[in-house]
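Using the working numbering, read the sequence shown as starting at 2 and increasing by one per residue. Don't be surprised by glycine CBs; every beta carbon is placed ideally from N, CA and C. Treat the numbers as computed from the prediction; the structure is a model and nothing was measured. These notes concern the structure reproduced below.
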Amino acid sequence: MKFETTSLYALALAMASLAVAAPAVKKDNNECSTTQYHVHHKHKRAVVVETQVVTVTVNGQGETQSPLTTSSTSPTINTVPTQPVSTSQTSQTSSTSSTSSTSSTSSTLQTPQTTPTSQTSQTLQTLQTSQTSQPTQTTQSPSTIQLASSSSTSVSTTSTQSTSTTSTSSSTSIPTTSSSSTTSSTSSTSSAATSTVSPDNIVGDLSPFQAPTTKFVDGTIPCSSFPGAVGQGIINLDHLGFGGYSGIYHTDTSTGGSCDEGAYCSYACQSGMSKTQWPKDQPANGVSVGGLICKGGYLYRSNSGTDYLCEWGIDSAVVVSELSDTVAICRTDYPGTENMVIPTVVSAGGSSILTVVDQESYYRTYAGGKTSAQYYVNNAGIGWQDGCLWGSPDSGLGNWAPLNFGAGYDGGVSYLSLIKNPNNVESANFNVKIVGETGSSVVGSCSYVAGAYYANGGYNTDGCTVGVTSGRAQFILYN
2 MKFETTSLYA
12 LALAMASLAV
22 AAPAVKKDNN
32 ECSTTQYHVH
42 HKHKRAVVVE
52 TQVVTVTVNG
62 QGETQSPLTT
72 SSTSPTINTV
82 PTQPVSTSQT
92 SQTSSTSSTS
102 STSSTSSTLQ
112 TPQTTPTSQT
122 SQTLQTLQTS
132 QTSQPTQTTQ
142 SPSTIQLASS
152 SSTSVSTTST
162 QSTSTTSTSS
172 STSIPTTSSS
182 STTSSTSSTS
192 SAATSTVSPD
202 NIVGDLSPFQ
212 APTTKFVDGT
222 IPCSSFPGAV
232 GQGIINLDHL
242 GFGGYSGIYH
252 TDTSTGGSCD
262 EGAYCSYACQ
272 SGMSKTQWPK
282 DQPANGVSVG
292 GLICKGGYLY
302 RSNSGTDYLC
312 EWGIDSAVVV
322 SELSDTVAIC
332 RTDYPGTENM
342 VIPTVVSAGG
352 SSILTVVDQE
362 SYYRTYAGGK
372 TSAQYYVNNA
382 GIGWQDGCLW
392 GSPDSGLGNW
402 APLNFGAGYD
412 GGVSYLSLIK
422 NPNNVESANF
432 NVKIVGETGS
442 SVVGSCSYVA
452 GAYYANGGYN
462 TDGCTVGVTS
472 GRAQFILYN
């Protein structure tokens, strides 16, 4: 990504396609142990057209339905002619995709042709904004936090216009190697037939950004055995009733039950990581398929390009809590059944890495669209085993959670979003702001206060997005 600067950076952030979760029936205790036909999520996408964001609904064939909402973007933004927005086929049950927002700034950003999207591919527009006075962004200092070890630095508050190199008084201390692709000095081993991952232990066995050490060997683990092994980063979601897997997709398009012949058996990885297994050839109807495949009673990789089942994302986001209760953040199992079952848990006063996927190498839709990581954020105090499941209307759980996060890396920028969940109009019982750590560069401002979204100081009905051009940003949860 190339920036032109005058006195400030400028960024027109567009993370397309705000997902709509289809209404879910009340949770059934038998739901996880029986197969159901794979009716996928109905999405809507936010499209920036001139100076408006138009939200429309698409069906499983990618056909546009009637427009739902229209909201104006910043009046100071003047768009220049762009290529038409292209969308990939989407599916028809609930998941979350990215949000689209633009920030009013004082110079020009030349953006790549594609942007972080989930289920929808969109062409970024080249925007030129007039030089106008912007609301002042003042970073707020989070309390000292601890993940593996703690580190506290002096308070440094920076006020900027729209774009800032922000700093907080405490950088989250997460021991890392140089990058997500860093290799470990520990010698690799091969996966064993017996699982060594404890059921529902969601912390994972790898240190932050430590490379996996246990290679997966095709045809050695029975489909009935969970493939977790020490040194892989896999977590065992035994409570779902799928034998530790995060979801099962059968050849007859039904989901659930057990990992049997021909099924794609999806799995979850610890926070900061994503699964590496999905077939390159995806269904043309917009359904996403991911996981290991069961053949002849044994598990095989559906992507033979890697020996490891989990990989690290980009080290550019962390969630920091200033709350007195735990918060369950639930990532959608995508590609896969797209259920919001993969937990990132932030304890009271604690922190956790948030997975930011590299969209160049991560899963792409049938039509070639890039995808990002998407999360449902439950109210504080709700446990992950309750919140990271399909909820029922008015429950405030799972797909009915009050807030969504989005995270994807593309063209040298990590796009981090706070996204409105149309299923739930109630406010979360906490606030959120995205701010940069000391020495980082974060373009734009984004916050969620008392149920309202604010981008660069101005109210935004659908959500907001920042761009992290260097370093790391924090999703700070506070009262």
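The three-state reading of DSSP puts residue 400 in helix, counting H, G and I together. For residue 344, the beta-bridge partners assigned by DSSP are 331.
In the DSSP assignment, the residues bridged to residue 409 are 358, 416. Taking the C-beta atoms as reference points, residue 398 is found no nearer than 9 Å to residue 420. Counting along the chain, the unbroken beta strand (DSSP E) around residue 257 starts and ends at 255-257. Between the alpha carbons of residue 477 and residue 343 lies a gap of roughly 20 Å. Separation of residue 424 and residue 340 (C-alpha to C-alpha, rounded to the nearest whole angstrom) is 15 Å. Nearest Cα to residue 309 within the set 337, 293, 246: 293. DSSP lists 299 as the bridge partner or partners of residue 223. The C-beta of residue 426 has fewer than 16 other C-beta atoms within 10 Å across all chains shown, which makes the residue exposed.
Annotation for residue 448: 419, 432, 433, 434, 435, 454, 455, 465 place their beta carbon closer than 8 Å to its own, counting only its chain and skipping 5 residues before and after.
Here residue 395 is exposed. Its C-beta has fewer than 16 other C-beta atoms within 10 Å.
In the DSSP assignment, residue 366 is bridged to no other residue. Taking C-beta separations shorter than 8 Å and ignoring five residues to either side along the sequence, the partners of residue 376 in its chain run 97, 330, 331, 332, 333, 341, 345, 355, 405, 406, 407, 408, following chain order.
The beta carbon of residue 351 lies closer than 6 Å to those of 322 in the same chain, with the five residues before and after it left out.
By the criterion of at least three beta-carbon pairs nearer than 8 Å, the region 262-277 is in contact with the region 311-322. Taking 9 Å as the cut-off, the beta carbon of residue 475 is found no closer than this to the beta carbon of residue 366.
Going by DSSP, residue 385 is part of no beta strand (DSSP E) but of the alpha helix (DSSP H) stretching over 385-388. Between residue 480 and the set 218, 384, 203, 325, the nearest pair of CA atoms involves 325. The Cβ atoms of residue 336 and residue 290 sit closer than 9 Å to each other. DSSP, reduced to helix, strand and coil, places residue 324 outside both helices and strands of the structure shown, so it counts as coil. Listed as beta-bridge partners of residue 382 by DSSP are no residues whatsoever.
Residue 385 and residue 238 have their C-alpha atoms some 11 Å from each other.
Look at residue 238 here: in three-state DSSP terms it is strand. Looking at 214, 235, 223, 295, the one whose alpha-carbon comes closest to that of residue 201 is 235. Residue burial annotation: residue 252 is exposed, with fewer than 16 other C-beta atoms found within 10 angstroms of its C-beta.
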